[in-house]
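Note that the sequence shown covers residues 1 to 849 in full-length UniProt numbering. Every residue gets a Cβ at the ideal spot worked out from N, C-alpha and C, and that includes glycine. Below is one structure, written out as structure tokens; the observations come after it.
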Amino acid sequence: MRAIRRFIVQPVLPDSLKPLDELATNLRWAWHEPTRELFRAVDPTLWDTVGHDPISLLSQVDPARLQRLSQDPKFVRNLDRERADLAEYLSADLWFQQYAAANDVPSAIAYFSAEFGISEVLPIYSGGLGILAGDHLKAASDLGVPIIGVGLLYRHGYFRQSLDASGWQQERYPTLDSNALPVTQLTEDGNPVTIEVSVLNRTMKATLWVAHVGRVPLLLMDADVEGNTDDQRAVTDRLYGGGTEHRLAQEVLLGIGGVRAVREFCRITGHATPDVYHANEGHAGFLGLERIREYLAEGMDYDAAVERTRAGNVFTTHTPVPAGIDRFPRELVVDQFHDFDGLPLDRILALGEEDYAGGDPGRFNMAVMGFRLGQRANGVSELHGEVSREMFHGLWPAYDVSEVPIGSITNGVHHRTWIHPELLELLHSPTGDSDTVLDGYDWSGLDRVDDNTIWALKRQMRGDLITMARERLAASCRNRGISADWVANALDPKVLTLGFARRGASYKRLTLMLSEPERLKKLLLDPQRPIQIVIAGKSHPADDTGKSLIQTMVQFADDEEIRHRIVFLPDYDISLARPLYPGCDVWMNNPLRPYEACGTSGMKAALNGAANLSIRDGWWDEWYGPDWGWEIPSAEGITDPAARDAAEAKALYELIENEVVPRFYDVDSNGLPKRWIQMIRDTISGLGPKVLASRMVRDYTTELYAPAAVSAGTIDAARAAELAVWKRRVRAAWPQVRIEHVESSNSGTVQVGEPIHMSAQVRLGELTPEDVQVQLVAGAVDANDEIHDVRTYEMGLVGDVTDGYRRYEITRDARHTGLVGFTVRVVPKHSLLLTPAELGVAALPLGTM
């Protein structure tokens, strides 16, 4: 008989144990080991059975056990200590409060993302983007940064992965019960708070839930409420599920509904209202339209509302390939926004229009809208910033690629979540009296630890991985209907262990390691110096190509000869990842460069002392060092894909055979691989401070959030109107701007230090000298006589108007050797512009356009 209603029946906690509820509903326990140990002590066996979920633990624990614990002085003291520690954590002045004492900072930042990976018990994430967003919130909490997270509460989350007998990925979508999740419904006067949005001409409601991520509230919207139609209730059914209309409905709810959810949350709780809005990828891009609508309701005109919105918006792009961007049919966006509270439809469409070479006029591009409505934008590694500037150059065609206003802040990972607890304890430093101490940990702390201790811990971490792997392999064998009699001997804690866990996307090349199967088998089965490989990853349910890659890998690993040395672990999630990274000696990553935006899995491995063996893509491109791992040469000059794969696979094999294996198995008389242990020390000390999410969030705060807050405060209604009027005037008059004549006192070869004098005659038409800047532009010259990687110098106005033009001059000493080109250009100038490229216009000398 099927249940028509489900309830979570929880025991009544004795008074002395009531703080357990408070600790369970704040997700700080997910990265705070003392709190996790406290819950483990409630019932160690049940804690493991419920997957380390405090709420499930408390709902299932024997009331008699709770009664005994309430009389246990030691447990009650520990509980009171952890409650007091949480209270102090939630109220203390941290890094942000100290930074705010000397800097203008935001009152609050609203951080929008389609997914958040906080803990496996809140499965509203699919992979890297969600884990990054979760680590962003955790680090913000640890630093005291006043972020409000905004997302969706999916009824089924992302799919759970299993394999059939042939190794083909299977998906299932278990229903999540909000009563069993670490979330609390937002209420007012005892009633659930709801927001409304119009989705394709029908009003849809959503209730609001709050997950407490340490100090950070995460608002989650749920459309599965009474009063919505069945298809509306299904809007928040699955992460990245459904067709185009379903995806649009989710993104309308996330962006437009998300702003409304923030408004309600702040009104009810008294939380500071955000002055900065951060869209983590284009899924949340519609938040800009809602903010424009709010300003229109205050009486501003559209252009002024856009300026106010842009000032406080930050946009982060995470994809280096056009196929990874959400793009909707133009007619679907017309249906959605043809009557959106006074916003002109043509202006809305223009925000996402691909009006550049190679663009599709029939598509509405969410990333393009993100850039147009975000005054500040960034990629997620230095290389990804370069790729993004090239990829979106069409939005700013009058400027060099190097001037495209997309910066970069390299991702980071939350060390308290991802470092093995015993390793973290070795690094712990209660005082910050050393240059190597950051965020409470001494990243050179292993220099004080002897080789035996480090190697024993690494073997223990490897053993933890193997225990987890065997449990998952046994369950997978049962699901697949195959024998599990071999699983007890799978993997070996003494063997060099390589890890590879990625999404099944083709560019990540899961099966590159299988390019020469006999060569790989020889490495796996070497009688003296074997390797073993642990692999995990999901493919999107609609990606049959990715599923076929997984199947190929699984079928290879099913071979009885090698299955004890290479394993595929289904259902890659946080619970699998936490023991995986510490247990690996080497982390492999072999994407097609430059298609990896960042690749944070290698960061998590590095924090646990694992060496990276990777193509120099994403973060590894900027932070690669021979003390921390190996570079797989990227054969980008080979145009044939199969030949490129073969070349890079050969390089991978050679590095494993000639570099990795010898170093690992080169041991001293005590059986210790001293050079390998030194690499563990070097990796943690050298990469640790770089790859931290706390470093990332500090960078966002100082480079984007704080400046955006200043802009948002400066561009009030009056100044926004002024700026909008100025932009309209400049755009209208720009066709009249001309550079008619350029002269130089130099020609041919110039010596370093020799002065270069340039002058130009410029017609400004209806514009004034205050509206523009005339620049000397210098840079490297390519074979087409184009200047790249430009440097600019402001030229000075000389004299009055003569025959309709003005004369500008500059004298600069030559400072760079080689072939250097110079030209002159005119760009817009206004004190409220972040960059002259903002208007997308520039004037060059006649004949050079």
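Name the residue from Ala-92, Leu-473, Val-334, Ile-55 whose alpha carbon lies nearest to the alpha carbon of Asn-201.
Your numbering for residue 201 matches position 201 in the sequence shown. Ranking the options by Cα distance to Asn-201, first place goes to Val-334.
Could you tell me the alpha carbon to alpha carbon distance between Gly-840 and Pro-828, rounded to whole angstroms?
Within the sequence shown, numbered from 1, the residue matching residue 840 stands at position 840. Within the sequence shown, numbered from 1, the residue matching residue 828 stands at position 828. Roughly 9 Å between the two C-alpha positions.
Going by DSSP, what residue range makes up the alpha helix (DSSP H) through Thr-802?
Translated into positions along the sequence shown, residue 802 becomes position 802. Taken as a continuous stretch (DSSP letters only), Thr-802 belongs to no alpha helix (DSSP H), being part of the beta strand (DSSP E) at 796-802.
Span separating the alpha-carbon of Val-199 from that of Gly-342
Along the sequence shown, one-based indexing puts residue 199 at 199. Along the sequence shown, one-based indexing puts residue 342 at 342. Cα to Cα, Val-199 sits roughly 16 Å from Gly-342.
With a floor of 4 residues, list each alpha helix (DSSP H) that falls wholly inside the region 264-312, ordered by position along the chain.
287-297, 302-312
Buried/exposed call for Thr-316, threshold 16 Cβ in 10 Å
As a position in the sequence shown, residue 316 is number 316, starting the count at 1. Looking at its Cβ environment, which holds 16 or more other Cβ atoms inside 10 Å, Thr-316 is buried.
Going by the beta-carbon positions, is the gap between Pro-570 and Ser-483 smaller than 8 Å?
Locating residue 570 in the sequence shown gives position 570, counting from the first residue. Locating residue 483 in the sequence shown gives position 483, counting from the first residue. Against a cut-off of 8 Å, the Cβ pair of Ser-483 and Pro-570 comes out as no contact.
Would you check if there are 3 or more beta carbon pairs closer than 8 Å linking the region 218-234 to the region 152-160?
yes
Closest residue to Glu-743 among Leu-13, Gly-149, Thr-823 (Cα-Cα distance):
Sequence index remark: in the sequence shown, residue 743 carries index 743 (1-based). Measuring from the Cα of Glu-743, the nearest candidate turns out to be Thr-823.
To the nearest angstrom, how far is it from the Cα of Ile-195 to the Cα of Gly-258?
In the sequence shown, the residue the question calls residue 195 occupies position 195. In the sequence shown, the residue the question calls residue 258 occupies position 258. Roughly 9 Å separates the two Cα atoms.
For Glu-281, does the count of other Cβ atoms within 10 angstroms reach 16, so buried, or fall short, so exposed?
On the sequence shown, position 281 is the one that residue 281 refers to. Glu-281 should be labelled buried.
Going by the beta-carbon positions, is the gap between Gly-352 and Phe-364 smaller than 8 Å?
Within the sequence shown, numbered from 1, the residue matching residue 352 stands at position 352. Within the sequence shown, numbered from 1, the residue matching residue 364 stands at position 364. Closer than 8 Å, so yes.
Close-in-space but distant-in-sequence residues of the same chain around Leu-132 (CB under 7 Å, 5 per side omitted):
For the purposes of this step, residue 132 is taken as the residue at position 132 of the sequence shown. Excluding residues within five positions, the ones whose Cβ falls inside 7 Å are Asn-411, Thr-600.
Residues sharing a beta bridge with Tyr-808, DSSP:
Working through the sequence shown from its first residue, we reach residue 808 at position 808. DSSP lists Ala-760, Leu-797 as partners of Tyr-808.
Which term fits Leu-846, buried or exposed, when burial requires 16 or more other beta carbons within 10 angstroms of its beta carbon?
On the sequence shown, residue 846 is found 846 positions in, with the first residue counted as 1. Leu-846 should be labelled exposed.
First through last residue of the beta strand (DSSP E) which encompasses Ile-148
Here residue 148 corresponds to residue number 148 of the sequence shown, with the count starting at 1. Note, Ile-148: beta strand (DSSP E), 147-152.
With 16 other Cβ atoms within 10 Å as the buried cut-off, status of Tyr-399
What you label residue 399 is simply residue 399 of the sequence shown in a count that begins at 1. Flag for Tyr-399 reads buried.
Euclidean distance between Cα positions of Leu-17 and Gly-445:
Within the sequence shown, residue 17 is the residue found at index 17, counting from 1. Within the sequence shown, residue 445 is the residue found at index 445, counting from 1. So the alpha carbons of these two residues sit roughly 37 Å apart.
Taking 8 Å as the threshold (C-beta atoms), are Trp-630 and His-564 in contact?
Locating residue 564 in the sequence shown gives position 564, counting from the first residue. Locating residue 630 in the sequence shown gives position 630, counting from the first residue. No, they are not a contact pair.
For Val-725, count neighbouring Cβ atoms within 10 angstroms of its own Cβ and tell me buried if that reaches 16, exposed if not.
Taking the sequence shown and counting its residues from 1, the one referred to as residue 725 is at position 725. Counting Cβ neighbours within 10 Å, Val-725 comes out exposed, since fewer than 16 surround it.
Candidates Tyr-581, Tyr-240, Ile-680, of which the one nearest Asp-543 by Cα:
Looking up residue 543 in the sequence shown gives position 543. Nearest of Tyr-581, Tyr-240, Ile-680 to Asp-543, Cα basis: Tyr-240.
Identify every residue that forms a DSSP beta bridge with Arg-363.
Here residue 363 refers to the residue found at position 363 of the sequence shown. For Arg-363, which the question treats as bridged, DSSP gives the partners Pro-329.
I'd like to know if the region 174-181 and the region 76-88 are in contact, where contact means that at least 3 CB-CB pairs between them fall below 8 Å.
no
Buried versus exposed call for Ser-91 [16 or more other C-beta atoms within 10 Å across all chains shown]:
In the sequence shown, counting from the first residue as 1, residue 91 sits at position 91. The residue in question, Ser-91, is exposed, as its Cβ has fewer than 16 Cβ neighbours within 10 Å.
Please name the residue or residues paired with Asn-191 in a DSSP beta bridge.
Reading the sequence shown from its first residue, position 191 is the one you call residue 191. Note: Asn-191 sits in a beta bridge opposite Glu-188.
With H, G and I counted as helix, E and B as strand and the rest as coil, what does DSSP make of Gln-532?
Your numbering for residue 532 matches position 532 in the sequence shown. Of the three classes helix, strand and coil, the one that applies to Gln-532 here is strand, per DSSP.
Where Met-849 falls: helix, strand or coil (DSSP)
Mapped onto the sequence shown, residue 849 falls at position 849. Legend: pLDDT at Met-849 = 44, less than 50; position of this residue unreliable, no value from coordinates given.
Buried or exposed: where does Asn-670 fall if 16 or more other Cβ atoms within 10 Å of its Cβ makes it buried?
As a first step, residue 670 is located in the sequence shown; it is residue number 670 there, counting from the start. So Asn-670 counts as exposed.
Where does Thr-497 land, buried or exposed, given buried means 16+ other C-beta within 10 angstroms?
Locating residue 497 in the sequence shown gives position 497, where the first residue counts as 1. Answer is buried; the Cβ neighbour count reaches 16.
With three or more C-beta pairs closer than 8 Å as the rule, is the region 104-118 touching the region 659-674?
no
Under 8 Å, do Pro-322 and Gly-362 count as touching if we go by C-beta distance?
Here residue 322 refers to the residue found at position 322 of the sequence shown. Here residue 362 refers to the residue found at position 362 of the sequence shown. Not a contact, by the Cβ cut-off of 8 Å.
Residues bridged to Thr-203 by DSSP?
Here residue 203 refers to the residue found at position 203 of the sequence shown. Bridge partners of Thr-203: Ser-198.
Looking only at its chain, what residues have a beta carbon closer than 6 Å to the beta carbon of Ser-166, apart from the 5 residues adjacent to it on each side?
By one-based count along the sequence shown, residue 166 stands at place 166. Result list for Ser-166: empty, nothing under 6 Å.
Would you decide whether Tyr-356 is buried or exposed? Buried here means 16 or more other CB atoms lie within 10 Å of its CB.
Sequence index remark: in the sequence shown, residue 356 carries index 356 (1-based). Exposed.
Cα separation between Arg-310 and Val-262?
As a working mapping, residue 310 is identified with position 310 in the sequence shown. As a working mapping, residue 262 is identified with position 262 in the sequence shown. Cα to Cα, Arg-310 sits roughly 18 Å from Val-262.
Using 8 Å as the threshold, is the C-beta distance between residue 893 and Asp-585 below it?
With the chain covering 1 to 849 only, the question about residue 893 has no answer from this structure.
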